[in-house]
Amino acid sequence: MPADTNAKISSEAERPRQGWLAKCGIHLPVRERRASEELPNRPVMILADSKEKKRKRTSQSPVPITRTAVHMGTTRGLEKPHSSVEATLAAFEKARRNGDGLAQYEIARDGILKAELEQSWDLPVKKDASDIEKRAAAIIHAIREFERDFIFGNVASEAIPGPETRDMGGQFVTNKDHIENRSKLYRIAKQLPKGALLHLHYNAELNPGILLQQARDIKNMYIRSTQPLLTRKDLEETEMVLNVWDPDEVTPDVNIFSKDYKGTLKSKNVDKDIWMTWKDFRQQFPMQFPGAYKQDRSETIIDRASCAEPGKLVLGPAENWLKQKMILSEEEVYGINQTVNGVWARFNQATRAFKGLANYESVYKKYIDQAIERLIEEKVMYAELRPMLMDKFIPADSGKTQIDHAGQMQIIVDAIEKKKKALSSKGELHKFPFGLKIVYCAPRSIPKTRMQQEMMDCLKLKVQFNNLICGFDLVGAEDRPNHVGYYKEELVAFRHVCKEQGLDLPFLFHAGETLLDTGGSKDPSNSNLIDALVLDAKRIGHGFSLMKHPVLVEKFKIKDNQKGICVELCPISNELLHLCRNIKEHPYPELLAAGIPCTVNSDNPSLFGNSMSHEFYQIMVGSPSISLHSWKQLAIWSLEYSCLSEKEVQQGKSYYEQSWTQFCRQVVNRYGRLMAGDKIIEDVAKAAYDRKSNSWEAEYANWDTENDIVLEANTLQLEPDDA
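If you read the sequence shown in full-length UniProt numbering, its first letter stands for residue 1, the second for the next number, and so on.
As structure tokens, then:
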């Protein structure tokens, strides 16, 4: 050992490592300058070239002048290897060739896979699947994986993705055009029977372009802005609101394009001075902004089954601009500086702009008919809508009279009955046999006294329209006050009265639509999920953060004779509101694997540009474990956890089974030619995906006709409405 080395320090430095290794049964020698008679097993360190003058010279320099050979003495007392290196490697090669232990590995692995299958959430439908269902499932699986490589192309490799490459299951808005125009899997999803839609906000089913067109005919439709619209920057920054007014109550000749215009979001005491007629606004907009917001031809050709968009939608510049204010853009959703709170603020702004287009008499009457048509196109047989009923009145088209809550509900009831009669006369009542129901919604942001009034209004409507009003919900961004438990006195009393009076009015709370999960507070115990469970909610909306709560997961899951609590999945909504970056990061596979019943929902399609077909497509591509059988189980749960009567549920499931069988048959008939066994024939498939071919455009020309199910009128034994 060099003379300048402190033997004590060296020994202490070695001691912790020596002790740790010794505990593991590994013994290393401690270096020492010489052996001793008392410790003959200590190794001997022999230093070559160790003259005193050289050792002294070396110690004076931080850099060794010469290399010193160190010879370690033979270690005594250590275990020797049982065999040589050559023998060990030879034994490995022999074991590999003979497969030693491989059978046990396969048995253990197969056992795990079997156990997972036996506990899979969609096992009931897998066990009962017919041969045609199994074949359709194999085809859809093969198509999905073919599209992952061929249509999207972003496969794991060292290659940098090209400009046309997309990530299957990646950002929805980024992928949307690719999905709609290139995916056969999406085309299949459009034809899928989807059961019930249980989470749909009332004013969010129809495309805003349709409502803007209808507003042209409303003479007393007015618009206001938060600021004068003088520059392009003003168009980007402003917020717009529409409403029907009595012309005698507003100041005439208001001009939003004047520098003297005094816009505001606050409506009290300034209404008369800020409202410009919608007609004048549309006429003056192109003069103020020449050439701006003219539609491209491609914008007028729209997929009808996408968010209620008609085949052709022609809008003027003002209408086109306002429509864009009502729909979240790709940049607004995925911008690098966007946040959860920022995108929620933008979403609420779009909601406020949209509100006035859906809240007046004639649109109320048209809306139900058009919404039902949309739902039928989407292959949805029943829906529960969620209107925000804070405004106790909506204006008549004249603006001179108001329609109260009871009047609004009667409009809905009348529209439903009219639509059902029209369907029945065409022999199509099976497509939408149960009409619609209404979930009364109140915001969590209001004081307790106002919440008490909302609950009383809900109870009054339930008594008046028992078959229409089906639940009560609290809505709003969950990272803002208040949490559900803030209203515990009111909610407990509400539940008690419903039970006492025999009113079937379950809680259907928005809960878990958050990353923080603190109910708008800084206390995790204020999670809305906890209060939803304690208050016996029938379903919850979103449930994104539910997997954080192992105790709640156990309570929500299906057990023996317990139905559990259903989660209304809204995956695209969760992505666009920044709970996850894409469908592959959404927790729905974990929720389902935990045994929690779930349904698929579109939430706010008019604002998000999505549809039920998009939602089911996303569910399929978001997890490799999802199959055609999974689609069916989700649809069946949507009926079983709806607010329909048990008799209606069974009837709905009967209709669904017929639609399902026909759907599976169509999948096999149309796409079986792409397959050889369970594999895609790549050359045949690539030719079928050629968008320039006639077969691509004609593929669905007769699907609806072939997929229609003719039911005898006497099979429809529906319960009469008692509203």
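Glycine included, C-beta positions come from ideal geometry on N, C-alpha and C.
Straight-line gap, residue i to residue j (C-alpha atoms, nearest Å)
i	j	result
Val-30	Thr-88	For Val-30, the predicted model reports a pLDDT of 48, less than 50, meaning its position is unreliable; a value from the coordinates is still stated below. The straight-line gap from Cα to Cα measures roughly 29 Å.
Pro-228	Lys-400	28 Å
Cys-307	Ala-415	Residue placement at Cys-307 is poorly supported in this model, since its pLDDT is 49, which falls under 50; the coordinates are not used for a value here.
Lys-365	Lys-499	33 Å
Ala-315	Asn-337	What sits at residue 315 in the sequence shown is Leu, not Ala. Rounded to whole angstroms, Leu-315 to Asn-337 spans 31 Å at the Cα level.
Gly-543	Tyr-202	20 Å
Ala-196	Arg-96	55 Å
Lys-219	Lys-279	8 Å
Leu-716	Lys-431	Note that Leu-716 has pLDDT 42, beneath the 50 cutoff, so the model's placement of it is unreliable and the number below is only indicative. Cα to Cα, Leu-716 sits roughly 11 Å from Lys-431.
Ala-687	Ile-188	18 Å
Gln-213	Leu-579	34 Å
Arg-444	Glu-513	13 Å
Ala-136	Trp-660	11 Å
Gly-485	Val-534	10 Å
Ser-521	Arg-450	20 Å
Tyr-186	Asp-177	11 Å
Arg-304	Val-649	Unreliable positioning characterises Arg-304 in this predicted model, as indicated by a pLDDT of 48, which lies under 50. The coordinate reading is nonetheless provided below. Spanning the two alpha carbons is a distance of roughly 29 Å.
Leu-102	Thr-174	46 Å
Ala-204	Asn-669	36 Å
Lys-355	Ala-635	30 Å
Asn-467	Val-439	11 Å
Glu-417	Glu-319	33 Å
residue 725	Arg-148	The shown model of the chain, from 1 to 723, leaves out residue 725, and the question about it has no answer.
Gly-677	Gln-666	18 Å
residue 790	Glu-478	Because the chain is modelled from 1 through 723, residue 790 falls outside the range shown and cannot be assessed.
Gln-324	Lys-294	12 Å
Whole-angstrom C-beta distance between residue j and residue i, which should lie under 8 Å
i	j	result
Arg-539	Cys-566	4 Å
Ile-596	Gly-564	6 Å
Gly-263	Thr-226	5 Å
Asp-536	Phe-507	7 Å
Glu-490	Met-547	Going by Cβ atoms, the distance from Glu-490 to Met-547 rounds to 29 Å, so no, they are not a contact pair.
Ser-602	Leu-198	Contact doesn't hold; Cβ gap of about 10 Å is too wide.
Ile-179	Tyr-671	Rounded, the Cβ-Cβ distance is 17 Å, inconsistent with contact.
Contact check, residue i vs residue j, beta carbons under 9 Å
i	j	result
Ile-619	Trp-631	yes
Val-343	Leu-577	yes
Ile-140	Gln-370	no
Phe-172	His-614	yes
Met-390	Ile-469	no
Pro-481	Gly-519	yes
Asn-348	Ser-606	no
Ile-583	Phe-608	no
Ile-223	Met-287	no
Asp-246	Pro-395	yes
Gln-191	Lys-426	no
Ser-515	Leu-357	Note on identity: in this sequence residue 515 is Leu, with Ser being the wrong assignment. It is not a contact, given that the beta carbons lie outside the stated cut-off.
Gly-471	Leu-436	no
Cys-458	Ile-132	no
Met-240	Leu-322	yes
Ala-156	Ile-680	no
Proximal residues to residue i (C-beta, below 8 Å), its chain only, five neighbours per side dropped
i	result
Tyr-689	Phe-150, Ile-151, Arg-182, Lys-184, Trp-696
Ile-327	Pro-208, Ala-350, Ser-606, Leu-607, Phe-608, Gly-609
Ala-138	Met-675, Asp-678
For residue i: DSSP bridge partner residues
i	result
Gly-153	Arg-166
Gly-471	Val-439
Pro-395	Gln-402
Gly-541	His-510, Glu-568
Arg-386	His-201
Gln-104	DSSP output for Gln-104 lists no bridge partner at all.
Met-240	Ser-225
Ile-681	DSSP output for Ile-681 lists no bridge partner at all.
Cys-598	Val-567
Lys-559	Gln-562
Ala-676	Lys-679
Ala-215	According to DSSP, which records beta bridges pairwise, Ala-215 is partnered with nothing at all.
Val-380	Gly-195
Beta-carbon proximity list for residue i, same chain, < 6 Å, skipping 5 on both sides
i	result
Val-125	His-629, Lys-632, Gln-633
Tyr-655	His-430
Asn-359	Ile-394
Pro-587	Met-547
Lys-462	Ile-469, Leu-503, Leu-505
Spatial neighbours of residue i in its chain, beta-carbon cut-off 7 Å, leaving aside the 5 residues before and after
i	result
Ile-709	Because the pLDDT of Ile-709 is 41, which lies under 50, any placement of that residue in the model is unreliable, and the question is left without a value.
Arg-346	Leu-328, Glu-332
Ala-383	Ala-196, Leu-197, Leu-200, Leu-375, Leu-436
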